[in-house]
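Novice: In this note's numbering, the protein residues as written are 12 to 496.
The C-beta atom is built at its ideal place from N, Cα and C for all residues, glycine as well.
Bear in mind that the values here come from a model prediction, so they are computed numbers and not experimental data.
#1: What are the partner residues of residue 123, as DSSP defines its beta bridges?
#2: Which word fits residue 295, buried or exposed, when buried means at least 16 other C-beta atoms lie within 10 angstroms of its C-beta?
#3: Buried or exposed: which applies to residue 445, given that a residue is buried once 16 or more other Cβ atoms fall within 10 Å of its Cβ?
#4: Cutting at 7 Å between CB atoms, please list the residues of its own chain near residue 217, excluding the five before and the five after it.
#5: Residue 181 by DSSP, collapsed to three states: which one?
#6: Within this structure, are the beta carbons of residue 243 and residue 155 separated by less than 8 Å?
#7: How big is the Cα-Cα spacing for residue 234 and residue 196?
#8: Taking the alpha carbon of residue 348 as the reference point, which residue from 370, 316, 463 has its own alpha carbon closest?
#9: Enumerate, from N- to C-terminal direction, the unbroken beta strand (DSSP E) stretches of 3 or more residues contained entirely within the stretch 401-430.
#10: Restricting to runs no shorter than 3 residues, where is the beta strand (DSSP E) found entirely within the stretch 191-246?
#11: Only counting the same chain, and skipping five residues up and downstream in sequence, which positions put a Cβ closer than 7 Å to that of residue 250?
#12: Is DSSP giving residue 432 helix, strand or coil here?
#13: When you compare only the Cα positions, how much space is there between residue 50 and residue 350?
#14: Suppose contacts are defined by Cβ-Cβ distances below 8 Å. Is residue 122 in contact with residue 265 by that definition?
#15: Sorted by chain position, which residues of the same chain lie with C-beta nearer than 7 Å to residue 272's C-beta, five sequence neighbours on each side aside?
#16: With respect to the beta strand (DSSP E) encompassing residue 334, which residues constitute its N-terminal and C-terminal limits?
#17: Quick one: any contact between the stretch 397-407 and the stretch 131-146, if contact means 3 or more CB pairs under 8 Å?
#18: With distances taken Cα to Cα, identify the nearest neighbour of residue 387 among 360, 370, 412.
#19: If distances are taken between C-alpha atoms only, which option among 87, 131, 135 comes closest to residue 396?
#20: Select from 208, 228, 451, 252 the residue whose C-alpha is nearest the C-alpha of residue 219.
#21: Among 84, 79, 106, which residue has its Cα nearest to the Cα of residue 93?
#22: For residue 307 and residue 222, what's the separation of their Cα atoms in angstroms?
#23: Report all residues from its chain with a CB closer than 6 Å to the CB of residue 206; omit the five preceding and five following residues, and keep chain order.
#24: I'd like to know whether the C-beta atoms of residue 71 and residue 119 end up nearer to each other than 8 Å.
#25: Can you tell me which of 174, 97, 81, 66 puts its alpha carbon nearest to the alpha carbon of residue 340?
#26: Is it a yes or a no for the stretch 355-369 touching the stretch 323-342, going by three-plus beta-carbon pairs under 8 Å?
#27: Around the C-beta of residue 278, are 16 or more other C-beta atoms found within 10 angstroms, so that it is buried, or is it exposed?
#28: Using the C-alpha atoms, what's the distance from residue 263 back to residue 225?
#29: From residue 136 to residue 107, what distance separates their C-alpha atoms?
#30: Per DSSP, what are the beta-bridge partners of residue 171 in this structure?
#31: Who are residue 249's beta bridge partners in DSSP?
#32: Taking the beta carbon of residue 425 as the centre, do at least 16 other beta carbons fall within 10 Å, making it buried, or is it exposed?
#33: Helix, strand or coil for residue 456, going by three-state DSSP, please let me know.
#34: According to DSSP, what are the bridge partners of residue 176?
#35: Given a cut-off of 8 Å on the beta-carbon distance, is the pair residue 389 and residue 430 in contact?
#36: Would the beta-carbon of residue 357 fall within 8 Å of that of residue 376?
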């Protein structure tokens with residue numbers, strides 16, 4: 012049985028030698044009739060009504076079952092209790108001082124999750140579940156027209172041309188196309204990108220009039236400002252060197268194929284470059300599939316992206332009865348073909364908030380291609396979470412359960428020690444200057460490795476994003492979860 016995987020990352024707690032192990036729950040409550048195997052794996056969407064008193068206790072029961080089956084440390088570190096009743100009636104308002112978010116009806120559920128040592132294994136009750144899920148799976152939505160422009164000069168005058176129209180954006184719906192030359196916005200001549208951004212901002216639902224030149228004629232488009240997904244990949248140039256900045260790894264972005272689709276476009280647009288800077292500073296992570304696929308585009312066929320130790324939920328027969336078990340497998344992800352960017356020289360950039368999926372890319376590219384890294388030591392999140400939802404798993408709220416950890420192709424891990432840069436530079440401008448210098452020389456190779464001292468980002472006593480008891484907002488979630496999908 013599989014579940015949605017987020018934030019791939021890994022940890023040293025399980026040795027590679029333990030390539031496969033199984034842990035069977037002691038609870039007979041997980042016995043299932045064979046006919047239920049056809050229900051897409053949603054075995055625990057109901058609870059035993061003869062034992063559970065109400066829906067809130069039922070939520071505790073179902074979450075206990077998923078923790079018991081999916082939490083990678085539940086049995087290997089003996090963190091989980093014998094049954095859900097161990098946690099019944101224990102929760103108080105203080106549960107929100109640690110991690111996750113619960114209102115009074117769900118205090119017991121949050122209390123249970125808070126007994127797990129891993130700070131990224133968390134529960135959010137139905138009041139905030141949708142908000143949290145959206146923050147994990149999508150980029151932010153912003154109000155505007157959804158178009159990029161670049162200044163162009165013909166020697167006597169300068170003007171703006173549209174270089175990018177985002178899918179399903181207000182600009183797209185109004186009929187604007189790439190290559191249109193901006194004449195005016197609401198009757199005012201516009202010649203700089205800053206003025207364009209200012210004139211195209213405002214309240215959702217307001218309308219602006221954009222006049223453009225196209226094929227020698229003038230076209231007037233009435234554009235209604237609306238929300239659209241922000242890009243997760245940005246291209247710019249520093250002294251003729253292309254810089255591809257990956258902000259996060261998301262399933263839903265301006266591109267129909269998410270961050271991976273945006274990244275492929277970025278490689279195609281910079282196809283003539285022999286050196287490229289990949290900026291992963293402040294990138295908190297995201298979707299496992301997207302960071303793995305992006306990593307492959309740097310590599311040659313057969314190169315290892317990552318080796319994951321991952322929980323899979325399976326079934327077995329005990330005394331003639333079908334039961335669910337936790338199985339831990341070692342999954343090796345390799346490039347199945349040459350990546351379209353494999354022949355370039357790369358310089359990578361990291362910060363202390365480059366985490367999780369960002370570190371998968373940093374590790375895969377620096378280890379396989381020996382690409383140098385400029386910046387500061389990364390966050391050091393080498394574990395990944397499964398996302399458990401009402402639709403797929405019968406949970407009324409939303410659970411994020413650490414279910415994987417991983418290693419690079421050499422069996423080494425950066426978890427809680429971070430990835431050390433070859434050039435440690437604190438100032439952002441100086442970091443970029445050094446990256447450009449290296450990209451122009453295109454000869455230096457990586458010599459640094461992973462950290463040697465713990466960063467203690469995974470201490471149970473660390474400050475929680477909910478220490479002030481507020482409902483987590485998008486900014487909180489981007490820095491905790493997608494340091495954490």
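Specialist: Looking at the coordinates:
#1: Beta-bridge pairing links residue 123 to no other residue.
#2: buried
#3: buried
#4: 236
#5: helix
#6: no
#7: 10 Å
#8: 316
#9: 409-418
#10: 192-196, 218-225, 228-235, 237-240
#11: 447
#12: coil
#13: Here residue 50 scores only 36 on pLDDT, less than 50, and its place in the model should not be relied on; the value that follows carries that caveat. Straight-line Cα distance between these residues: approximately 38 Å.
#14: no
#15: 266
#16: 332-345
#17: yes
#18: 360
#19: 131
#20: 208
#21: 79
#22: 42 Å
#23: none
#24: yes
#25: 81
#26: no
#27: buried
#28: 31 Å
#29: 11 Å
#30: 162, 193
#31: 252
#32: buried
#33: coil
#34: 158
#35: yes
#36: yes
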